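Presented below is the structure to which this report refers.
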Amino acid sequence: MKQKAAASAPGKVILFGEHFVVSGRPAVVTAINLRAKVEVVLENDKTIFRSRQSWSSWSRKGEPVHPTPPKTSSFTPLYMMASKIMEDHGVSSCFRAEIYSDIPGGAGLGSSAAISTALARALSNLFGLNLSTQRLVEYAMVAEKEYHGRPSGIDPHASAYGGTLLYEGPGKFQPLQLGISPEMLVVFTGLKRKTSDMVDQVVKLASENRREFGELSSLYSEVFVRSVEALKSNNLELLGRLMTINHYLLRALGLSNEVVEKCVEDLLRTGVYGAKLTGAGGGGSVVAVGRTNQEAAVFSLLSSYPKAWVVKTSCPGVRDEN
Ligand code: MEV
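The end of the sequence shown is residue 665 by the numbering used here, with every number in the run present.
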């Protein structure tokens, strides 16, 4: 056992297929160069989680100390994941986890999965467990289920494996080798929302309107097939057009709103090839693809939105840090 360890994992953007993936359709996800880093250090008698915004602690016996119950902690899913890792491997230790993340929460960019995956890897190193990448995903899913209800698993797969993945379900994915990994524009609308609420909304809509949902899913499947061709041939214009079509399908599922529509419009006005909401929708972020050198467009968007980035895609997955 070491005294301390650290790891980081990337956030993600879903290029095609959010929500459709929950009902078993394939999606395309790419790891981006916004990362979460977690440092873990052995402690004597309590376990502490701390980020820039807040902190929480538990006694050695597993009783919450801060915040005092009945107040709940946003770190509880991480604590549950860590407890499961230790229980499965016969480890009983207290630790402090310091979380540093570039990825805003509730923005559709995989913040919780990046933190869970980085924490799982850091704990694996701290306790000498040598967990495989797939085991890290499985543990991250423990936290993801607590955070999001019934996640498809796409986020922790992107955080753990990195790159660009064609994803169909837990353990059912394949890496997509791209000649060039295009840069993308990502704009956070500033509107945070709960993934589980958005997923429940779509599940309800699908069960009440089976035929329409089936038709939208079939249209999506065609978009997906062409998106893989566009990515493989590095045809960014086609990729952009398909992203916009995917956005219209998500809009038809009730996942857009005035804020998201304005953001898509603002991006399209900068001359990008296409734009779509990414992640759960209802707010969150919009992703766009265009020509290179999009810094000026990002700069202009920053006057209307809290965050905007030119992100790299197909970035490395979870890794150790010093
Ligand atoms: C969340 O990043 C993407 C959703 O499809 C939910 C999921 O796949 O778990 C909305």
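Even glycine gets a Cβ: it sits at the ideal position worked out from N, Cα and C. As the structure is a computational prediction, the values presented were derived from the model and not from experiment.
Which residues mark the beginning and the end of the beta strand (DSSP E) in which residue i is found?
i, result
"Gly512", "Thr507 to Gly512"
To the nearest angstrom, how far is the alpha carbon of residue i from that of residue j?
i, j, result
"Ser628", "Gly448", "11 Å"
"Ala440", "Asp388", "14 Å"
"Glu664", "Gly506", "19 Å"
"Gly614", "Ala463", "41 Å"
"Ser495", "Leu610", "28 Å"
"Leu528", "Thr476", "29 Å"
"Phe359", "Tyr504", "18 Å"
"Ser459", "Ile428", "12 Å"
"Arg536", "Ala450", "8 Å"
"Gly583", "Leu479", "33 Å"
"Pro649", "Leu534", "10 Å"
"Ser576", "Arg569", "11 Å"
"Leu385", "Tyr443", "18 Å"
"Arg594", "Thr373", "22 Å"
"Ser643", "Val653", "12 Å"
"Ala352", "Glu481", "15 Å"
"Gly522", "Gly367", "28 Å"
"Glu608", "Leu596", "19 Å"
"Ser416", "His409", "8 Å"
"Phe363", "Lys404", "42 Å"
"Thr340", "Ser435", "This structure leaves residue 340 out entirely; the chain is present only between 344 and 665."
"Glu526", "Phe392", "33 Å"
"Leu559", "Gly625", "18 Å"
"Gly633", "Ile588", "15 Å"
What residue range does the alpha helix (DSSP H) around residue i cover?
i, result
"Pro499", "Ile497 to Tyr504"
"Leu548", "Thr538 to Glu551"
"His491", "Thr476 to His491"
Going by DSSP, what residues sit across from residue i in a beta bridge?
i, result
"Asp663", "Ala350"
"Ala651", "Val530"
"Lys355", "Ala374"
"Gln517", "Leu509"
- Task: Give, in chain order, every unbroken run of the beta strand (DSSP E) that is at least 3 residues long and sits entirely within the segment 416 to 460.
- Result: 437 to 444
- Item | Completely contained alpha helix (DSSP H) runs for the segment 576 to 649, where each covers 4 or more residues | 579 to 595, 601 to 612 and 638 to 644
- Message: In chain order, what are the residue ranges of uninterrupted beta strand (DSSP E) at least 3 long that sit wholly in the segment 368 to 414?
- Response: 370 to 386, 389 to 393, 398 to 402 and 407 to 409
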